[in-house]
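In numbering that gives the first Met the number 0, the protein residues as written are 0 to 173.
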Amino acid sequence: MVSEVNNDLCYFQVIEISKGSKVKYELDKKTGLIKVDRVLYSSVVYPHNYGFIPRTLCEDNDPMDVLVIMQEPVLPGCFVRARAIGLMPMIDQGEKDDKIIAVCEDDPEFRQCKDITDLPPHRLAEIRRFFEDYKKNENKEVAVNEFLPSGVACEAIQHSMDLYASYIVESLRR
């Protein structure tokens, strides 16, 4: 689900959690529906729309996570066209759980952003702080490393697409 837009790679991304929400939704793999996982234990809310890139698979057996920066909240279950501008390496309870940082291609305020360095430092600090804090009241540890550029994000997405393709091939062989 990749489309070429202005010579930049854009990906269709499914939104699971709306900007401003405390409700953690996730895709239920058995039904294909979006279910309520939990309400966040702290007073923080998701700073941007959050979801995944379809037809990807990561080492944690989930699709590639993505935070889509745009002006407005999007309803869970909708998909948006977005461009990866960076990668936020993250460790969640000792396991790799990287997040793609993307901007909505159809939002005039952010579509000119091509790389993570195009965002104001304060916005990056807010994103980092959210992910460092959102599980603290559950006594779960999360570590966020330095943001990486768009090229690294695109490589990570391609790797997750390759893992997904391998998984499908293996499934068909069974």
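Note that CB positions come from ideal geometry on N, CA and C, so glycine has one too.
Selected residue, minimal CA-CA separation from L66, among C77, P53, L56 and A83: If we check each option's Cα against that of L66, A83 comes out closest.
Segment contact, 8 Å Cβ cut-off, at least three pairs: the segment 39 to 55 with the segment 109 to 120: Three or more Cβ pairs closer than 8 Å define a contact, and the segment 39 to 55 falls short of that threshold against the segment 109 to 120.
C225: first and last residue of the uninterrupted beta strand (DSSP E) it sits in: Residue 225 lies beyond the range of the chain shown here (0 to 173); nothing can be said about it.
Proximity test, C77 beta-carbon vs the ligand NAP heavy atom, cut-off 7 Å: Summarising the ligand content, the structure contains no ligands, and the ligand NAP is consequently not present.
Burial state of N138, where buried means 16 or more other Cβ atoms lie within 10 Å: Exposed.
Cut-off 6 Å between Cβ atoms - residues of its own chain near I68, not counting five sequence neighbours on either side: Apart from the 5 residues on each side of it in sequence, I68 sits with its Cβ closer than 6 Å to the Cβ of H47, V102 and F109 in its chain, given in chain order.
Sub-8 Å separation of V79 and D105 beta-carbons: The Cβ atoms of V79 and D105 sit closer than 8 Å to each other.
Where N73 falls, given that 16 or more other Cβ within 10 Å makes a residue buried: Position check: residue 73 holds Val in this sequence, whereas Asn was assumed. Burial call: buried.
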